[in-house]
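Following the UniProt record's numbering, the numbering of the sequence shown begins with 1 at its first residue and continues without gaps.
Note that CB positions come from ideal geometry on N, CA and C, so glycine has one too.
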Amino acid sequence: MKFWPLNTFRNILRLDFKRHFCKTPVMSSKRIAVCQMTSVADKAANLKVVEGIIDSAAKENVQMLFFPEACDYICDNKKDIVNFSEPIFGGEIVGKYRELAEKYGVWLSMGGVHERDEKNPNKMYNTHIIIDDKGSLVQMYRKLHLFDVEIPERNVRLKESDFSNAGDHIVAPVDTPVGKIGMAICYDMRFPELSTSLSIMSADILTFPSAFTQATGEAHWHILLRSRAIENQCYVVAAAQSGVHNPKRRSYGHALCVDPWGEVLADCGESTPCYKIVEISHDKLNDVRRNMPVFQHRRPDVYSLYTLSLRKSLPLEKLPSHSPTDPNPPPSSPEPYNVFGHAKIPESCIFFKSKFAYAFVNLRCVIPGHVLVAPIRPAERNKDLTEEEAEDFFRTVRLVQKLMEKVHGAESCTITIQDGPDAGQTVKHLHCHVMPRKKGDFIDNDLIYLELAKHDQLKCGHPLKPARSLEERRSEAQLLRSELEKLIDEERILLR
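In structure tokens form, the structure reads like this:
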């Protein structure tokens, strides 16, 4: 008689139950549509094409559609390119896309709409947006690499920078029903660092909505896209423009979907408008990564890829009301303070003081519970501390770590000092970051250092992180003072 192992027997029962009683079959693959069109200078005409494709693909149970760069319009002159652009928030064309997503119950990747630059009337952004099946704008990415080519002897001049601004951030992969999507646009595919950054952050699908020229498409389109898929072990989805847009411009077409092994699953050729449906199989994704574990074989001890400018959420629509150059606005009433580099820390925001060090709550937190410890004397570097100061400083760090783990129910902490400008130090006063950590608080554990590298930087005159109010900081400091007293009392009892 054959005896089944207990775990095997349980799995058989579980599968049998799902087969007979579950209404929806358990599937590891998702249906997407990679789309191709020929945009012209008429927004309404292009929108009609987009809706026609969505209407048709939605009937085939597609969960997400991918549209090409410039799906809103393509003009033949710089003036119209800029003048036709619209804001993402409140713009008519994006509003129509959101209505279509909700109407047909599908997710949309609209790859490279012309976003108006509200501060510069002569420029716009090339912006890739993702919309969910409820019509909500989930994420936006501004093209990082602008296509600037000038060959006078061939009378060739294609300079995207004449009318477009470059973006500032890599956008963390977006969770969607078909997998984690890494956002890029067209020319970005020639820069493998961007794709590898996204794959390191667990992207399943890399997207390159494009309007490739005929000449560059014939030479490099298939090679580049298959390379990005193979080296990153991701699906690659590249919606495309195809055909003649105007007397000055023609696009290559061949919208593609490539699997993680480099096999082309769909190629739209030069047909337009059209789409092709592909099954995204997470089993295939896992098989390729398991059988060829290249990311386990990487050598970060020899080389590394460090993303300095990463964004996870949508850009802030509202900025802090106080001056961005004054990160610590003075309190409404006089209050004692401690000098912290170029800033002033109100006494009410300090929750612990020793003989030589103090701990205080943060103006801009990378994660909840992110606090700072600094020496009272404004020593700039770790090496500037005396032996007595150093001993007291690190004793304080250990006490604060214990407190923050207790208050936030954590069993781990990131303890880090950016010692010197090349290490990311922006305040000329030694300080230690104490950040209580929990499983899954970052997509990739080390991304906390990327966020830390920019959490106090200024970009275009504005802080990248929103400042917390003085009242919010005072309230947190008061709580921590109270909890610290309890912690010290508990330790005294244990020592008796």
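**Asked** Identify the residues that DSSP records as bridge partners of residue 551: which are they?
**Response** What the structure shows of the chain is the stretch from 1 to 496, and residue 551 is not part of that stretch, so it cannot be assessed.
**Message:** Only counting the same chain, and skipping five residues up and downstream in sequence, which positions put a Cβ closer than 8 Å to that of D162?
**Reply:** Annotation for D162: K78 place their beta carbon closer than 8 Å to its own, counting only its chain and skipping 5 residues before and after.
**Request:** Determine the closest residue to K353 out of E485, S251 and T272, with distance taken between C-alpha atoms.
**Result:** Here the closest residue by C-alpha is E485.
**Integer Cβ distance of P260 from Q36, believed to fall under 8 Å** = Their Cβ separation, rounded to whole angstroms, is 22 Å, which puts P260 and Q36 out of contact at 8 Å.
**Item:** Cβ-based burial, S321 [other Cβ within 10 Å; buried from 16]
**Value:** The pLDDT assigned to S321 is 38, lower than 50, so where the model puts this residue is not dependable, and the model offers no usable value.
**Message:** Within the continuous beta strand (DSSP E) that includes S29, where are the two ends?
**Reply:** Per DSSP, S29 belongs to the beta strand (DSSP E) from S29 to M37.
**Prompt:** How many angstroms separate the CA atom of S323 from the CA atom of A211?
**Reply:** Its pLDDT being 37, under 50, S323 is placed unreliably by the model, and nothing is read from it.
**Prompt:** Near F9, which residues of its chain fall below 8 Å by C-beta distance, leaving aside the five closest residues on each side in sequence?
**Reply:** With a pLDDT of 41 at F9, under the threshold of 50, the modelled position of that residue is not reliable, and no figure is offered here.
**Prompt:** What's the C-alpha gap between Q241 and G217?
**Reply:** Spanning the two alpha carbons is a distance of roughly 11 Å.
**Item:** L310 to A41 span [Cα, whole Å]
**Value:** Each residue's alpha carbon lies about 34 Å from the other.
**Nearest residue (CA-CA) to G135, options F394, V94, C365 and A359** = Here the closest residue by C-alpha is V94.
**Request:** Take H254 as the anchor and find which of E270, G409, L265 and V244 has the nearest alpha-carbon.
**Result:** Check the Cα spacing between H254 and each of E270, G409, L265 and V244: the tightest is with E270.
**Asked** With distances taken from CA atoms, which of Y252, F147, L285 and N126 is nearest S199?
**Response** Of Y252, F147, L285 and N126, the residue nearest in Cα terms is L285.
**Asked** In three-state DSSP terms, what is C234?
**Response** Under the three-state reduction of DSSP, C234 is assigned to coil, being neither helix nor strand.
**Asked** With a Cβ-Cβ cutoff of 8 Å, do V174 and Q139 count as a contact?
**Response** The Cβ atoms of V174 and Q139 lie closer than 8 Å to each other.
**Request:** Kindly identify the DSSP beta-bridge partner or partners of D287.
**Result:** Beta bridge pairing from DSSP links D287 with no other residue.
**Prompt:** Are V371 and N362 close, meaning C-beta to C-beta below 8 Å?
**Reply:** Yes, the Cβ-Cβ distance between V371 and N362 is below 8 Å.
**Message:** Beta-carbon within less than 7 Å of K23's beta-carbon, same chain only, minus the 5 sequence neighbours each way: which residues are those?
**Reply:** Interpretation of K23 is limited by its pLDDT of 41, a score under 50 that renders its predicted location unreliable; the figure taken from the coordinates is listed afterwards. For K23, where only same-chain residues beyond five positions count, there are no Cβ hits under 7 Å.
**Item:** Cβ-based burial, H114 [other Cβ within 10 Å; buried from 16]
**Value:** Classification of H114: buried, given that the 10 Å Cβ count is 16 or more.
**Helix, strand or coil at R364 according to DSSP, with G and I counted as helix** = Reduced to three states, the DSSP call for R364 is coil.
**Runs of alpha helix (DSSP H) wholly within the stretch 210-287 (minimum 4 residues, chain order)** = Here the runs fully enclosed are 214-232.
**Asked** Where do the ends of the beta strand (DSSP E) carrying L137 lie?
**Response** It spans L137 to R142 - the beta strand (DSSP E) in which L137 sits, taken as one unbroken run.
**Request:** Quick one: using the 10 Å Cβ neighbour count with 16 as the cut-off for buried, is S85 buried or exposed?
**Result:** Per the 10 Å Cβ criterion, buried.
**Item:** Beta-carbon contacts of residue 548 that lie in its chain and below 7 Å, excluding the five residues immediately before and after
**Value:** Because the chain is modelled from 1 through 496, residue 548 falls outside the range shown and cannot be assessed.
**Request:** Out of D301, K103, V236 and P378, point me to the one whose CA is closest to H431's CA.
**Result:** Minimum Cα distance to H431 is reached at P378.
**Request:** Could you round the C-beta distance between S164 and K123 to whole angstroms and report it? I think they count as a contact, below 8 Å.
**Result:** Contact holds; Cβ gap of about 6 Å.
**Prompt:** Under a Cβ-count criterion, where at least 16 other Cβ atoms within 10 Å of its own Cβ denotes burial, should S70 be classed as buried or exposed?
**Reply:** In the sequence as displayed, the identity of residue 70 is Ala instead of Ser. A70 should be labelled buried.
**Prompt:** By a C-beta neighbour count over all protein chains shown, 10 Å radius and 16 as the cutoff for buried, is L480 buried or exposed?
**Reply:** When all chains shown are included, L480 counts as buried.
**Request:** Tell me, to the nearest whole angstrom, how far the beta carbon of K428 is from that of E380; I am working on the premise that it is less than 8 Å.
**Result:** Going by Cβ atoms, the distance from K428 to E380 rounds to 5 Å, so yes, they are a contact pair.
**Selected residue, minimal CA-CA separation from R226, among T38, P192 and I415** = Checking every option, the nearest Cα to that of R226 belongs to P192.
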